[in-house]
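Under the working numbering, read the sequence shown as residues 10 to 501, first letter to last. Heads up, the beta-carbon is just placed ideally off N, CA and C, and yes, glycines get one too. Bear in mind that the values here come from a model prediction, so they are computed numbers and not experimental data. Presented below is the structure to which this report refers.
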Amino acid sequence: MTPSIRIRSLNSHPLNPDGDYVLYWMIANRRATYNYALQRAVEFSEKLKKPLLVFEALRTNYRWASDRLHRFVMQGMADNRAAFENTTATYYANVEPEANHTKGLLEALAAKSCVVITDDFPCFFIPTMLKLVSRKLNVSLEAIDSNGIYPMYATDREFTTAYSFRRFLQKSLPPYLVQAPKANPLFNKSLPQLSGIPHEILKKWPEASDDVLRATPEHLATFPIDHQVQPACFDGGMNAAKVTLERFLKFRISRYAEERNDPEHESVSGLSPYLHFGHISVHEVFENVAKLENWSVNQLSQESKGARSGWWNMSPNAESFLDELITWREIGYNMCSHRDDYDNFESLPDFALQTLEKHASDQREFIYTLDVFEAARTHDELWNAAQRQLMQDGRMHNYLRMLWGKKILEWTEHPRDALKIMIELNNKYAVDGRNPNSYSGIFWTLGRYDRAWGPEREIFGKVRYMTSDSTRRKLNLKSYLEKYGAQSGRLF
């Protein structure tokens, strides 16, 4: 059974036992495996003896809509269609051809349903959308948390440092490590079959064809989205996510602890975009790491001191990766699920607000506009290379992302301007943007999850300071600069 701590009722309407089907509205957990929301929908379908309709849609008028994001999501939809094809569930994919074309579609589907199950996600436009939808539907609507190992609402506490969150997890996480969603919620399930998607629905809102879901440049060009932001250098979907995980576990995790901060080595997992769009579950990733380590939960240390290593009793590489996957990723979900202002300057810790405001009028040697930053035309070769990687590939190396944000703070008139620019560039170009974890990274450069540092500096005050020169001394960047330097190729 789906754990109750992961279920949120969004309205007070009862089930409709006379409905034609159970509706799973897939919006964040865009996968057919390790998915608590799908599992919950299957449970209702079995209980009510009704067919299951899985509805996945893609709008055109979401913020930062582009060829890059559309293609990634559509590739996931193609994988999902194939995954549901030989099951007793019915999958319905709709890709909006023009803005507002799908207005009324969800309400029309819900009107014929027994219950609507959807995904809980604490970031971007989804919380507001769910609030609006909850008022429009006349049937029970539930949002299911399948975001992380630790349920978002298992605590009311907001954590302000990774250390405090890690220490808390070391006390509270163990029961959830043995409470994973089913790998395949539809396996061996003989649900009643839906005779077909209602004719009046398809007439007004046709299914996306297999051809459309291939997301070729020709098809992408027909949508009213940003065509300047071209597709990323990697594919989307469950299949690409699984290949990425397998490659990481086979070739990279053995070097993770030592090399993850080095752009010259491909030692990072590459899983962040797939986790963001729900093409893979953190539970599946964790399960595979545990299997690789031949690990079981009874090997956990009994001490909960908040240390970054030693608690799991795994290899240093696995422990380093799990600290990123669980501690650092899920602290962002903790923030976004408990605070509506997670993306506002005022959400920074008091020390950061005070010191940044104190130094807001400090003289800047360089001041750049959004356009200059976006075009990677600053005076700093390394910063420009990091920005080019973001624009060209759809991702940026983790360590350089920290430097990238620190320099934007240093080269803008006010910290509030820096924040706006970071959010705009990250959310526009990063496939894993618009996510609690990416907001953690942006706000970390301004002091979130950090402490006051000395000596107090101009512009930064007591916020942690980074320089391109120190980064060059720490890392071998020759190949990186050759690949993303000024002569590396066109942007867009």
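Check your understanding: Between which two residues does the alpha helix (DSSP H) harbouring Asp-380 extend?
Key -> For Asp-380, the enclosing alpha helix (DSSP H) starts and ends at 379-383.
Practice item. Please state if the CB of Ala-171 and the CB of Met-86 are separated by a distance shorter than 8 Å. Key: No, Cβ-Cβ distance for Met-86 and Ala-171 is not below 8 Å.
Exercise for review: Would you be able to state if there are at least three C-beta pairs under 8 Å between the segment 389-404 and the segment 339-355?
Suggested key: Contact between the segment 339-355 and the segment 389-404 is absent, because fewer than three Cβ pairs lie under 8 Å.
Review point. Going by Cα to Cα distance, which pick from Gln-372, Asn-407, Val-125, Asn-95 is closest to Ser-199?
Key: In this structure, Asn-95 is the residue among Gln-372, Asn-407, Val-125, Asn-95 with its C-alpha nearest to the C-alpha of Ser-199.
Exercise for review: State yes or no: is the C-beta of Asp-402 within less than 8 Å of the C-beta of His-285?
Suggested key: Taking the C-beta atoms as reference points, His-285 is found no nearer than 8 Å to Asp-402.
Review point. For Met-83 versus Leu-61, is the C-beta spacing smaller than 8 Å?
Key: No; because the gap between Cβ atoms is not below 8 Å, this pair is not in contact.
Check your understanding: Are the beta-carbon atoms of Thr-127 and Leu-146 separated by less than 8 Å?
Key -> Against a cut-off of 8 Å, the Cβ pair of Leu-146 and Thr-127 comes out as no contact.
Point to revise | Touching by the beta-carbon criterion (3+ pairs, under 8 Å), the segment 119-139 and the segment 274-281 | key: With the rule of 3 Cβ pairs closer than 8 Å, the segment 119-139 does not count as touching the segment 274-281.
Check your understanding: At least one CB of chain C closer than 8 Å to the CB of Lys-198: is that the case?
Key -> Structure shown: chain C not included; a single protein chain is present.
Check your understanding: Which residues does DSSP pair with Leu-67 in a beta bridge?
Key -> In the DSSP output, where bridge partners are listed per residue, Leu-67 has Val-104.
Review point. If we ignore side chains and look at the alpha-carbon of each, how far apart do His-388 and Arg-425 end up?
Key: The alpha-carbon atoms of His-388 and Arg-425 are separated by roughly 22 Å.
Review point. Candidates Arg-410, Tyr-474, Arg-80: which alpha carbon is nearest His-228's?
Key: The residue with the shortest Cα to Cα distance from His-228 is Arg-80.
Exercise for review: Report the partner residues of Arg-466 according to the DSSP bridge assignment.
Suggested key: Note: Arg-466 sits in a beta bridge opposite Gly-470.
Review point. Is DSSP giving Ala-152 helix, strand or coil here?
Key: In the three-state scheme derived from DSSP, where H, G and I count as helix and E and B as strand, Ala-152 is classed as strand.
Exercise for review: Just confirm the distance between the C-beta atoms of Ala-249 and Phe-243, as a whole number of angstroms; I'd bet it's less than 8 Å.
Suggested key: A Cβ-Cβ distance of about 7 Å is found for the pair Ala-249 and Phe-243, placing them in contact under the 8 Å criterion.
Exercise for review: Label Arg-90 either buried or exposed according to how many other C-beta atoms from any shown protein chain fall within 10 Å of its C-beta, with 16 as the threshold for buried.
Suggested key: With 16 or more Cβ atoms within 10 Å of its Cβ, Arg-90 is classed as buried.
Practice item. From the DSSP output, in three-state form, read off Ile-335 for me. Key: It is helical.
Practice item. Would you tell me roughly how many angstroms separate the C-alpha atoms of Met-431 and Leu-19, rounded to the nearest one? Key: In this structure, the alpha-carbon of Met-431 lies about 33 Å from that of Leu-19.
Check your understanding: Hey, Phe-64 and Tyr-30 are a contact pair by Cβ (cut 8 Å); roughly how many whole angstroms apart?
Key -> Contact between Phe-64 and Tyr-30 does not hold, since the beta-carbon distance rounds to 10 Å and is not under 8 Å.
Point to revise | Span separating the alpha-carbon of Leu-331 from that of Glu-268 | key: Glu-268 has its alpha-carbon roughly 15 Å from the corresponding atom of Leu-331.
Check your understanding: For Asp-271, which of helix, strand or coil comes out of DSSP?
Key -> Look at Asp-271 here: in three-state DSSP terms it is coil, with no helix or strand label.
Check your understanding: With burial defined as no fewer than 16 other Cβ atoms inside 10 Å of the residue's Cβ, what is the status of Asn-103: buried or exposed?
Key -> Classification of Asn-103: buried, given that the 10 Å Cβ count is 16 or more.
**Study point:** Run of the beta strand (DSSP E) containing Tyr-33, from where it starts to where it stops
**Key:** Taken as a continuous stretch (DSSP letters only), the beta strand (DSSP E) holding Tyr-33 covers 30-35.
**Study point:** Rounded Cβ spacing between Glu-419 and Ile-468 (contact assumed at less than 8 Å)
**Key:** Confirmed, Cβ separation roughly 6 Å.
Review point. Do Ser-75 and Val-238 have their CB atoms nearer than 8 Å?
Key: Yes, they are a contact pair.
Check your understanding: DSSP three-state call for Arg-256: helix, strand or coil?
Key -> Helix at Arg-256.
Practice item. Using the Cα positions of Lys-58 and Val-148, report the straight-line distance between them to the nearest angstrom. Key: If you take the alpha carbons of Lys-58 and Val-148, they lie about 17 Å apart.
Exercise for review: Assign Pro-23 to buried or exposed, taking buried as 16 or more other Cβ atoms, counted over all protein chains shown, within 10 Å of its Cβ.
Suggested key: So Pro-23 ends up on the exposed side.
Review point. Would you say the segment 460-475 touches the segment 363-377, given that touching needs at least three Cβ pairs under 8 Å?
Key: The segment 460-475 is in contact with the segment 363-377.
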